[in-house]
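Novice:
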Amino acid sequence: MRRASIFTVVSLKLRDYYKETYDREVYYIPNGVTIQDNGPSPESGNQKDLVFAAGRIIPLKGCHTMLKALIKINFPGPVKIIGNIDQMPSYKKELQELAKDLDVEFMGLIREKTRLLEIIRDAKFFIFPSYNENMSIMLLEA
Numbered sequence: 233m234r235r236a237s238i239f240t241v242v243s244l245k246l247r248d249y250y251k252e253t254y255d256r257e258v259y260y261i262p263n264g265v266t267i268q269d270n271g272p273s274p275e276s277g278n279q280k281d282l283v284f285a286a287g288r289i290i291p292l293k294g295c296h297t298m299l300k301a302l303i304k305i306n307f308p309g310p311v312k313i314i315g316n317i318d319q320m321p322s323y324k325k326e327l328q329e330l331a332k333d334l335d336v337e338f339m340g341l342i343r344e345k346t347r348l349l350e351i352i353r354d355a356k357f358f359i360f361p362s363y364n365e366n367m368s369i370m371l372l373e374a
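To convert, take the position in the sequence shown, counting from 1, and add 232; that gives my numbering.
1) With the cut-off set at 8 Å, would you say D281 and K345 are in Cβ contact?
2) State whether the segment 296-315 contacts the segment 242-255, with contact taken as three or more CB pairs (one from each stretch) at a distance under 8 Å.
3) State the DSSP-derived secondary structure class of D318, mapped to helix, strand or coil.
4) Rounded to the nearest angstrom, what separates I267 and D354 at their Cα positions?
5) Spatial neighbours of L330 within its chain, please: CB distance less than 8 Å, with the 5 preceding and 5 following residues excluded, ordered by chain position.
6) Does DSSP put K280 in a helix, in a strand, or in coil?
7) Applying the 10 Å Cβ sphere with the 16-neighbour rule, what's the burial state of I359?
8) Measure the Cβ-Cβ separation of K324 and D318 and say whether it is below 8 Å.
Now the structure itself:
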């Protein structure tokens, strides 16, 4: 902290804490998204999808935890998993094995933000069981 040229934080509470603790300038840069109409689109019909989305689907994102929970409750509905599952071949195999008795669609990475947010907006639930995300943009957008 003392050697940093510039110190930034994502909350006003943290800014105040570090400013007081270290007696130096701290810049507040909020993680944020543009909030638009967040209701379901008219074309969505009835909302029943459950969506998990992450850019990189790796163990820390918790997709396996979600799938295990869905298996445990015998979840009958459709599940859309959005993101790159090719990062770790062994994890991809684990997810595919867990998904085999569920109605899961692996949609891959969706780069078009409008389409991604549309899918999330039209879902009944957005699940984000991450083990280590302080402030996820994906979670904010959902």
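Just so it is clear, CB atoms sit at the ideal spot from N, CA and C, and this is done for glycine as well.
Specialist: Let's see:
1) In the sequence shown, the residue the question calls residue 281 occupies position 49. In the sequence shown, the residue the question calls residue 345 occupies position 113. Contact flag unset, no.
2) no
3) For this step, residue 318 is matched to residue 86 along the sequence shown. It is coil, neither helix nor strand.
4) Locating residue 267 in the sequence shown gives position 35, where the first residue counts as 1. Locating residue 354 in the sequence shown gives position 122, where the first residue counts as 1. Confidence in I267 is poor, its pLDDT being 49 and thus under 50, which makes the residue's placement unreliable; the coordinate value appears in the next sentence. The straight-line gap from Cα to Cα measures roughly 15 Å.
5) Translated into positions along the sequence shown, residue 330 becomes position 98. Hits under 8 Å: H296, L299, K300, I303.
6) Taking the first residue of the sequence shown as position 1, residue 280 is located at position 48. In this structure, K280 counts as coil in the three-state DSSP scheme.
7) For the purposes of this step, residue 359 is identified with residue 127 of the sequence shown, where counting begins at 1. Buried, because 16 or more other Cβ atoms sit within 10 Å of the Cβ of I359.
8) Residue mapping note: residue 324 aligns to position 92 of the sequence shown, counting from 1. Residue mapping note: residue 318 aligns to position 86 of the sequence shown, counting from 1. Taking 8 Å as the Cβ cut-off, K324 and D318 qualify as a contacting pair.
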